[in-house]
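K.L.:
The sequence shown begins at 1 in UniProt numbering and counts up by one.
Cβ coordinates follow ideal geometry from the N, Cα and C atoms, glycine included.
This is the structure I want to talk about, given as structure tokens.
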Amino acid sequence: MNSNDHLATGDEAIRFNNVTKVFAPDVTALDEVSFSAGFGEVVVLLGLSGSGKSTLLRHVDGLHLPSSGEVEVLGVNVTAARPRELRKLRRRVGFVFQQFHLVPTLTVLENVCTGALGRLKGPRLGLPTYPKQVRLDALEQLDRVGLADRAFQRADTLSGGQQQRVAIARAMLQRPEVLLADEPVASLDPESSHQVMQLIKKVAAEDQLTVLCSLHQVELALAWGDRIIGLHSGQVVMDTPVADIDLSDAMSIYARVGAETVASAAGDE
Ligand SMILES: Nc1ncnc2c1ncn2[C@@H]1O[C@H](COP(=O)(O)OP(=O)(O)OP(=O)(O)O)[C@@H](O)[C@H]1O
Numbered sequence: 001m002n003s004n005d006h007l008a009t010g011d012e013a014i015r016f017n018n019v020t021k022v023f024a025p026d027v028t029a030l031d032e033v034s035f036s037a038g039f040g041e042v043v044v045l046l047g048l049s050g051s052g053k054s055t056l057l058r059h060v061d062g063l064h065l066p067s068s069g070e071v072e073v074l075g076v077n078v079t080a081a082r083p084r085e086l087r088k089l090r091r092r093v094g095f096v097f098q099q100f101h102l103v104p105t106l107t108v109l110e111n112v113c114t115g116a117l118g119r120l121k122g123p124r125l126g127l128p129t130y131p132k133q134v135r136l137d138a139l140e141q142l143d144r145v146g147l148a149d150r151a152f153q154r155a156d157t158l159s160g161g162q163q164q165r166v167a168i169a170r171a172m173l174q175r176p177e178v179l180l181a182d183e184p185v186a187s188l189d190p191e192s193s194h195q196v197m198q199l200i201k202k203v204a205a206e207d208q209l210t211v212l213c214s215l216h217q218v219e220l221a222l223a224w225g226d227r228i229i230g231l232h233s234g235q236v237v238m239d240t241p242v243a244d245i246d247l248s249d250a251m252s253i254y255a256r257v258g259a260e261t262v263a264s265a266a267g268d269e
């Protein structure tokens, strides 16, 4: 057992300490990023396209490693973790994507069951090859997201919002302690977007799940987040509880960029 397994984290599930990520000499995706997220907290990342939101999320489970700085997640020093430790950590971190990433030809229930693959030995082909308890757990998760009645339909017969709810059920079957959501509502209509964010908020509260969620919609961030972290050119330009922010504060993350764009177009530095 590695010493990282029992590192004390206090109230923090995620901690970034001066994290910089340089992809190329002229591409600094994260620039001295520091923040922490508490257990059960829903933290929304806001910022223009290219501001570093996805890159930040990918540092949480070690898909990217920082060029400098430290990332600590659930007591594991991601930066120093060995491959085996990282694999263990990734089982504790669920991921929800913009494009759902369901297997379209499989049933909804089997898609959810795949969330257990990380803790099962060997490949599974077909619903009956999953242990009964996994199938029951999957049904329970589907019930939780309001889709138990769709369990035996093919995934590609569901609407986008329903598919994202299935993807959340799949992530929850993994029994994660941290949930990463990369623009989970970017391809959904406004009503489905609210439903999906409401669901994320609900499961976070029920399971004391720490959520880090990138969004483009300020009003969704204000409605469903506990805290907003604003990114601009890889730097944290806002880190504020939602209770202390109004719409114009949150929009300033974008307005600031607009002003700079105007200045640089006019030849100012
Ligand atoms: N694997 C990579 N190799 C090189 N550059 C990258 C890589 N991933 C991201 N970048 C660059 O890092 C910067 C931040 O990108 P990132 O995808 O994190 O932004 P984002 O805020 O998530 O954008 P979006 O809202 O469009 O998803 C961009 O300049 C991007 O081109």
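Compare the C-alpha of residue 93 against each of 171, 201, 234 and name the closest.
P.N.:
For this step, residue 93 is matched to residue 93 along the sequence shown. Checked all of 171, 201, 234; the closest Cα to residue 93 is 171.
K.L.:
Quick check: the Cα distance between residue 23 and residue 235, rounded to an integer number of angstroms?
P.N.:
Within the sequence shown, residue 23 is the residue found at index 23, counting from 1. Within the sequence shown, residue 235 is the residue found at index 235, counting from 1. So the alpha carbons of these two residues sit roughly 15 Å apart.
K.L.:
If you follow the alpha helix (DSSP H) that residue 85 is part of, which residue opens it and which one closes it?
P.N.:
Locating residue 85 in the sequence shown gives position 85, where the first residue counts as 1. Start and end: 83-91.
K.L.:
Look up residue 132 in the DSSP assignment and say whether it is helix, strand or coil.
P.N.:
Start at 1 with the first residue of the sequence shown, and residue 132 comes out as number 132. DSSP places residue 132 in helix when its eight states are reduced to three.
K.L.:
Quick check on the burial criterion: 16 or more other C-beta atoms within 10 angstroms. Buried or exposed for residue 68?
P.N.:
Counted from its first residue, the sequence shown places residue 68 at position 68. Exposed: under 16 other Cβ atoms inside 10 Å.
K.L.:
Is residue 169 near residue 237, with beta carbons less than 8 Å apart?
P.N.:
For the purposes of this step, residue 169 is identified with residue 169 of the sequence shown, where counting begins at 1. For the purposes of this step, residue 237 is identified with residue 237 of the sequence shown, where counting begins at 1. Taking 8 Å as the Cβ cut-off, residue 169 and residue 237 do not qualify as a contacting pair.
K.L.:
Using a Cβ-Cβ cutoff of less than 7 Å, which residues in the same chain neighbour residue 148 once the five nearest sequence positions on both sides are dropped?
P.N.:
Residue numbering aside, residue 148 sits at position 148 when the sequence shown is read from its first letter. Here the set comprises 139, 142.
K.L.:
Looking at the unbroken beta strand (DSSP E) that takes in residue 227, where does it start and where does it end?
P.N.:
As a position in the sequence shown, residue 227 is number 227, starting the count at 1. 227-232 is the span of the beta strand (DSSP E), which, as asked, contains residue 227.
K.L.:
Given that a residue counts as buried once 16 or more other Cβ atoms are within 10 Å of its Cβ, and exposed if not, what is residue 258?
P.N.:
Within the sequence shown, the letter at position 258 stands for residue 258. In this prediction, residue 258 has a pLDDT of 48, which is less than 50 and means its spatial position is unreliable; nothing more can be read from the coordinates.
K.L.:
Give the range of the beta strand (DSSP E) segment to which residue 160 is assigned.
P.N.:
Residue mapping note: residue 160 aligns to position 160 of the sequence shown, counting from 1. Where residue 160 is concerned, there is no enclosing beta strand (DSSP E), although the alpha helix (DSSP H) it sits in stretches over 160-173.
K.L.:
By the DSSP assignment, the beta strand (DSSP E) with residue 31 in it spans what residues?
P.N.:
Translated into positions along the sequence shown, residue 31 becomes position 31. Segment 27-38, the beta strand (DSSP E) holding residue 31.
K.L.:
Might you give, ordered along the chain, the residues of its own chain that have their beta carbon closer than 6 Å to the beta carbon of residue 70, omitting 5 neighbours on each side?
P.N.:
What you label residue 70 is simply residue 70 of the sequence shown in a count that begins at 1. The answer, listed in chain order, is 17, 79.
K.L.:
Let me check you understand the geometry: is the CB of residue 23 closer than 7 Å to at least one non-hydrogen atom of ligand 1?
P.N.:
Here residue 23 refers to the residue found at position 23 of the sequence shown. Residue 23 Cβ: within cutoff of ligand 1.
K.L.:
Nearest to residue 218 by CA position, among 233, 28, 186, 64, is which residue?
P.N.:
Mapped onto the sequence shown, residue 218 falls at position 218. The residue with the shortest Cα to Cα distance from residue 218 is 186.
K.L.:
Can you tell me whether residue 339 is helix, strand or coil according to DSSP?
P.N.:
Outside the displayed span of the chain (1 to 269) sits residue 339, for which this structure offers no information.
K.L.:
If we count the other Cβ atoms within 10 Å of its Cβ and call it buried at 16 or more, is residue 129 buried or exposed?
P.N.:
Start at 1 with the first residue of the sequence shown, and residue 129 comes out as number 129. Exposed, by the Cβ-count rule.
K.L.:
Just reading off the alpha helix (DSSP H) that residue 55 is part of, what are its end residues?
P.N.:
Taking the sequence shown and counting its residues from 1, the one referred to as residue 55 is at position 55. Run containing residue 55: 53-60, per the alpha helix (DSSP H) assignment.
K.L.:
Can you give me the C-alpha to C-alpha distance between residue 144 and residue 65, rounded to a whole angstrom?
P.N.:
Stepping through the sequence shown from its first residue, residue 144 is reached at position 144. Stepping through the sequence shown from its first residue, residue 65 is reached at position 65. Answer to the nearest angstrom: the Cα atoms are 34 Å apart.
K.L.:
Work out the CA separation of residue 203 and residue 56 for me, nearest whole Å.
P.N.:
Within the sequence shown, the letter at position 56 stands for residue 56. Within the sequence shown, the letter at position 203 stands for residue 203. Distance between the alpha carbons of residue 56 and residue 203: 22 Å.
K.L.:
Would you kindly check if the distance between the Cβ of residue 46 and the Cβ of residue 161 is under 8 Å?
P.N.:
Residue mapping note: residue 161 aligns to position 161 of the sequence shown, counting from 1. Residue mapping note: residue 46 aligns to position 46 of the sequence shown, counting from 1. Contact: no.
K.L.:
Please name the residue in 101, 90, 249, 99 whose C-alpha comes closest to that of residue 119.
P.N.:
Within the sequence shown, residue 119 is the residue found at index 119, counting from 1. The candidate whose alpha carbon is nearest that of residue 119 is 90.
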